[in-house]
Every structure is written in C-alpha cells, then in structure tokens.
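Listed in order, the protein sequences are those of chains Y and E.
Sequential numbering of the first sequence, starting at 1, is according to our numbering.
Sequential numbering of the second sequence, starting at 246, is according to our numbering.
For every residue, glycine included, the Cβ atom is placed at its ideal position computed from N, Cα and C.
Quantities reported herein were computed from a predicted structural model and do not represent experimental measurements.
Working notes for the structure below.
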Amino acid sequence: MATSVIETHELTKRFGNFTAVDRITFQVQPGEIFGFLGANGAGKTTAMRMLTGLSRPTAGEGIVAGYDVYRQAEQIKRRIGYMSQRFSLYEDLTVRENIQFYAGIYGLPWRSIRSKTSELIERLQLGEVARTLVGSLPLGWKQKLAFSTAILHDPEIVFLDEPTGGVDPITRRQFWEMIYAAADRGVTIFVTTHYMDESEYCDRISMMVDGEIRALGSPHDLKTQYDQPDMNGVFLQLARHSERS
Amino acid sequence: MITIQANEVNKKYGDTIALRDLSLSVEKGELFGLIGPDGAGKTSLIRILTTLLLADKGTATVNGHDVVKSYRAIRRQVGYMPGRFSLYQDLSVEENLRFFATAFGTTIEANYDVIRDIYQQIEPFRRRRAGALSGGMKQKLALSCALVHRPEVLFLDEPTTGVDPVSRQEFWQILKGLQERGITILVSTPYMDEASLCDRIALIQDGQLLGIDTPAALRKAYPHPLWDLQSSRRYELLHFLRQQEFTLSVFPFGETLHLATRPDVPEHQIRESCYSQGFTDIQLTRIEATIEDCFMDRMAPTADPEIH
Numbered sequence: 001m002a003t004s005v006i007e008t009h010e011l012t013k014r015f016g017n018f019t020a021v022d023r024i025t026f027q028v029q030p031g032e033i034f035g036f037l038g039a040n041g042a043g044k045t046t047a048m049r050m051l052t053g054l055s056r057p058t059a060g061e062g063i064v065a066g067y068d069v070y071r072q073a074e075q076i077k078r079r080i081g082y083m084s085q086r087f088s089l090y091e092d093l094t095v096r097e098n099i100q101f102y103a104g105i106y107g108l109p110w111r112s113i114r115s116k117t118s119e120l121i122e123r124l125q126l127g128e129v130a131r132t133l134v135g136s137l138p139l140g141w142k143q144k145l146a147f148s149t150a151i152l153h154d155p156e157i158v159f160l161d162e163p164t165g166g167v168d169p170i171t172r173r174q175f176w177e178m179i180y181a182a183a184d185r186g187v188t189i190f191v192t193t194h195y196m197d198e199s200e201y202c203d204r205i206s207m208m209v210d211g212e213i214r215a216l217g218s219p220h221d222l223k224t225q226y227d228q229p230d231m232n233g234v235f236l237q238l239a240r241h242s243e244r245s
Numbered sequence: 246m247i248t249i250q251a252n253e254v255n256k257k258y259g260d261t262i263a264l265r266d267l268s269l270s271v272e273k274g275e276l277f278g279l280i281g282p283d284g285a286g287k288t289s290l291i292r293i294l295t296t297l298l299l300a301d302k303g304t305a306t307v308n309g310h311d312v313v314k315s316y317r318a319i320r321r322q323v324g325y326m327p328g329r330f331s332l333y334q335d336l337s338v339e340e341n342l343r344f345f346a347t348a349f350g351t352t353i354e355a356n357y358d359v360i361r362d363i364y365q366q367i368e369p370f371r372r373r374r375a376g377a378l379s380g381g382m383k384q385k386l387a388l389s390c391a392l393v394h395r396p397e398v399l400f401l402d403e404p405t406t407g408v409d410p411v412s413r414q415e416f417w418q419i420l421k422g423l424q425e426r427g428i429t430i431l432v433s434t435p436y437m438d439e440a441s442l443c444d445r446i447a448l449i450q451d452g453q454l455l456g457i458d459t460p461a462a463l464r465k466a467y468p469h470p471l472w473d474l475q476s477s478r479r480y481e482l483l484h485f486l487r488q489q490e491f492t493l494s495v496f497p498f499g500e501t502l503h504l505a506t507r508p509d510v511p512e513h514q515i516r517e518s519c520y521s522q523g524f525t526d527i528q529l530t531r532i533e534a535t536i537e538d539c540f541m542d543r544m545a546p547t548a549d550p551e552i553h
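Here is the structure:
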C-alpha cells in the first residue's frame, strides 16, 4: 500500500437493498492520469464520493493519499483537489477573490496565499481580468481557473468530474494540456468524461457497469482485448447490456 | 418546402451578444443539427423559434407562421424538449405525461401511437415520481411529454448532454424513428461526433454560423491537407510539430494527432523531419477531415491568451 495514491479493496456502498458500488478493487499510481468511465447510473459518482471522503463506505477498504476513507475523511479532504462538471467558482467574486477564497479554504497561510495568487494570475495570463467578476469570463477561462484553484494547495491527487462538458473543441484540448502539465509535476489525475476520444488521453481507464469495475487497463490494452478500433467501441460493448441505465 | 426559417436573427442580453444576424432554414422532414459549444447561442435560437423568447431584430417562421404574430399556432404545432430537465419532479411518470397532454387539449390515449416506442420503455415505472428516475429514463419521459400532442416539428435542446455513449446511441435511433414518421427535427448538441447522424448541420459559435451544409459537404470543403499521425511519444510529437514551418495546426484526436499543413507539403518532408528528431515509429496517413476538424478550422480566433 506504500506507493499508490489510491488503493481500494472490495469497496462497497449500499443504499438500503440497492448496491450502488459493488466491491471495486483498484490502485492509482502517483502522477498517473486515471480515467474513471461508466454508463449513467453505473455508480461513478457514489464511488467518487467515497474516495473524496464525502460518503462513508458500507464495506471494503480504501486508502486515499495515505489516509483511510472511514476514519480519516477530513485528512483526505485536505490532501485532494476537486473540480466538478459545473464550475466550482463563485461567479460574483473576482478572479483574485476566487483564488484567495479557495486558498483560504484549503488552509494555506496568508503570506503564501498572496504570493500563490499573484503567481497563478501571472501563469494563466489573467492579469488584465484579475479584478473582473468570474461570471463574465469566457467559459474556457473559467475552466482553466477552476482547475488551477483545485490544485493550488499542491494536492497529491485531483478529482475532475466531467471537467470539459460543453466546451469548444480547442478549449477542450487546451484543458487536457493543463492536465498533462499537472501530471508531469507529479499530481495524480482522476477524471471522468463522456467524451470517448478524451478517455484515450488517460494512462489507464476503468469501466464501471452496474456498480462493478468490468474492465481496467490502458486504452491500448482495452481496445486490443475487446477488439475495437476506439474507446467508443469498447464502451458500447461493455455497457450495452447494463441493467441500470 | 421550408418548415423552419430564421432571417438575420439578433439577440442580446445586456452587453452579451447571443445571436448575430443568424439565418438558416430547415426543410420539411429534415433531421437538422445545431452543433456548437456552450454559449454558442443554440438555446437562444431554439427559444426564439419556439416563441418563448423575442428576437431583438430579424424574423423567423415555423410551418409558415411568424414567431411573433402567430405564436399561438406555432405552439400547437411544435414540441420542445428543453436542455434542463423540465418535468414536475414530484408528479409520477404518468401524471407528467397526462399533464402535458391535457395542457394541449388532448389525451395520452389519442396519441399513444406517436409515443409508444419510447414510452413503453418507461411504462413499467409509470407510478414512480419523475424525480426518482435515472437519467436515461428522465430523458425518455421528457421526450414523450414533448411528443404527446403530436407535433409536426420537434425542437430538442441538447438532449444527449451528459449522457453516456450507449444512451446517446439509443436516443439517436429514436430520433431517426421520429423522422421516419415525417416529423421535422431540429436538435442541438455539443458533441461533434453526432453531426454525422444529421441530414444537415449548422456549426455555430459566439452567436454566428461557421457553416451550414450536409456533414459530408462540410468535411469535403475542409481547405487544408490533413494527416493522421501516430507515435508512442504522442505529446512530444505534438510539441515538435507545433514548431514546424509546414504546420498550420496540430491537435490531439484520441490516440492520434491530426496535422493540417500548408498546401503542397510532400509526405516525405513530414516523415523525414519527424525521423530526424527521433520519432522513428510514426505512422503517417492522409485523411479526410472530421466535423471536429472543420469546426476548429472555422472557429473565430478567440481572445484566449493561450491559444496556439
């Protein structure tokens, strides 16, 4: 268990007699881009809530960033970043205020908040709009800002829940370059997406169907294993007979 | 015969321009796709055509009726499935459907043949609250509600957004079935790969048309030589190609790269420059553009400081 950033063993969540997540076992290595795919209702969101310390598992084991998902949920929350489908930014705060707010939430000391904020504004080339309300920024800028604030506190792992939904194709690709750059710096990326071409940018992919992980491997291996030209084909083959959608 | 017509439609919200001089027409019986990212103006256009929003300038007709003067006639003849889940969460499946039928002065029974194929899939859950349905089932209920008054024209605003590939594929099969019944369909989507499922498409960004034609004609009109490149060192190759004089654009596409070059760059030149940098495992193939290539090529340069 020493080197993995995420390690689960038969992690399970039941709601009443409904098993949302059914004994999932997998590991994610440091700096890895791990794609977490599955059909609607397959249990992805529930699994992510357990891994981010928001939901207590019913059974099984889970270690995230070295902490136990049952007993150390608060430590986990401090060591991870999270960016959701709909931006987690406050539209009626400025760019600078949003960054400072998140830095504060993640517990950075004031001295470091000021320097980190300026550094980030410069790196994203947002100097001219630092005092602009986030609500009036183009979608692509918001998205980059949201990602950057999610990793401002240098987390070991960042969870991205459909980060590129609805974004234009160029911005979508620029966003993936940011993901690559962060992974190069050693941040582990855990990402969900409905764009199958994007899943091919991941180092490894897991495919959830009906609460279980049905397939796990590199995009190349999965395509070979299921004899499909692309990940869309793999997905269709695995999820077609899902009972829950 | 033209069923939907928009003439130089303009719409602003405060200082934000949603639509600029947008014109398009949709033939009777067509399955027409409005393709573009969030903020492109898709929803504004659909809401103007369904008489829910007034344009600032320009005119539009649906089934020959003006969207301002004859809005009542249009509302009887069109079905509209909004992007956000629009049903009553605490009414049951059946109650929702009956509500929409009654609002249009009709009954479920009188129109059952129109919705049968779709509604049968959720009928076993007809007593369940709409709020407790899965995503795929909500989508089918919303579509049933949009169809229950037997509309001639159907407007669907991003019906497949956030939906997994299996449900998306099923949904497009349903749309094809409705088209075969003679219903004219205008559907918006941010997924470029769905373009090929439409008869004609409009590419739209920042409230403006980037192109309008059949998917095949748009792909054929792509103006540059386009290549597909594979290498085990994909990201290094991407950065290398970006620096090359022959490169117009290079983007990742799944496990490969798409490279657009200046005209008349011979294949061996690309190959040799890659080899000289140690990319010896490349596979280089001349390809036809996808709709996503076309869209990116036609995109207005945004004010994004990081754009390449």
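So with CB distances below 9 Å, who are the chain E contacts of Val95/Y? Within 9 Å Cβ-Cβ: nothing; Val95/Y doesn't reach chain E, min ~13 Å.
Beta-carbon neighbours of Gly166/Y, restricted to chain E and to distances below 7 Å: Pro282, Asp283, Thr406, Pro435
How about Gly286/E: is its C-beta nearer than 8 Å to some C-beta of chain Y? no
For a contact defined as C-beta to C-beta under 8 Å, what are the partners of Leu145/Y on chain E? By Cβ distance, chain E contributes nothing, its closest Cβ being about 12 Å from Leu145/Y, past 8 Å.
Ile280/E beta carbon less than 8 Å from that of Ala447/E: yes
For Val359/E, report the span of its alpha helix (DSSP H) as first-last. 357-364
Just to confirm before moving on: does the CB-CB distance between Lys383/E and Phe330/E stay below 8 Å? yes
Mapping the DSSP letters down to three states, classify Val21/Y as helix, strand or coil. strand
Burial state of Thr352/E, where buried means 16 or more other Cβ atoms lie within 10 Å: exposed
I'd like the span of the beta strand (DSSP E) that includes Thr429/E, first residue to last. 429-434
For Ser379/E, which residues in chain Y fall below 9 Å Cβ to Cβ? Asn40, Gly41, Arg244, Ser245
Alpha-carbon spacing of Ile6/Y relative to Ser55/Y, whole angstroms: 16 Å
Closer than 7 Å by beta-carbon distance: list the chain Y residues that pair up with Phe496/E, in chain order. Arg173
Which chain E residues sit within Cβ distance under 7 Å of Asp230/Y? Gly499
Going by Cα to Cα distance, which pick from Ile430/E, Ile527/E, Arg395/E is closest to Gly278/E? Ile430/E
Given that a residue counts as buried once 16 or more other Cβ atoms are within 10 Å of its Cβ, and exposed if not, what is His503/E? buried
Ala182/Y versus chain E: which residues are under 8 Å apart at the beta carbon? Those within 8 Å of Ala182/Y in chain E number zero; the least Cβ separation is about 13 Å.
Using a Cβ-Cβ cut-off of 8 Å, state whether Val411/E counts as contacting chain Y. yes
Roughly how many angstroms separate the alpha carbons of Phe344/E and Thr406/E, rounded to a whole number? 26 Å
Quick one: Cα of Glu61/Y to Cα of Thr46/Y, how far? 15 Å
Three or more C-beta pairs under 8 Å: does that hold for the stretch 154-170 of chain Y against the stretch 370-379 of chain E? no
Partners in chain Y for Phe540/E, counting only beta-carbon separations shorter than 7 Å: Pro169
Chain Y partners of Gln365/E, CB-CB under 9 Å? In chain order: nothing, as chain Y lies at least about 16 Å away.
What residue from Leu342/E, Trp472/E, Ala461/E, Ser477/E has the CA that sits closest to Tyr201/Y's CA? Ser477/E
Sequence-distant residues of its chain with Cβ nearer than 6 Å to Ile532/E (five each side left out): Leu471, Asp473
Under the DSSP definition of a beta bridge, which residues are partnered with Asp161/Y? Thr192/Y
Where the beta strand (DSSP E) through Leu442/E begins and ends: Leu442/E -> no beta strand (DSSP E), and no H or E assigned at all.
Can you tell which of Tyr226/Y, Ser88/Y, Thr149/Y, Gly211/Y has the C-alpha that lies nearest to the C-alpha of Thr19/Y? Gly211/Y
How would you label Gln143/Y, buried or exposed, when you count the other beta carbons within 10 angstroms and need 16 or more for buried? buried
Unbroken stretches of the beta strand (DSSP E), 3 residues or longer, contained in the stretch 368-423 of chain E: 398-402
Excluding the five sequence neighbours on either side, which residues of its own chain have a C-beta within less than 6 Å of the C-beta of Gly381/E, listed in chain order? Ser412
Check whether chain Y comes within 8 Å of Met544/E, counting only Cβ atoms and requiring the distance to be less than that. yes
Does the beta carbon of Tyr201/Y come closer than 8 Å to any beta carbon on chain E? yes
Should Thr149/Y go down as buried or exposed, given a rule of 16 or more other Cβ atoms within 10 Å for buried? buried
Looking at the C-beta of Gln450/E, does it have a partner C-beta in chain Y at a distance below 8 Å? yes
Per DSSP, Ala251/E forms a beta bridge with which residues? Leu269/E, Ala305/E
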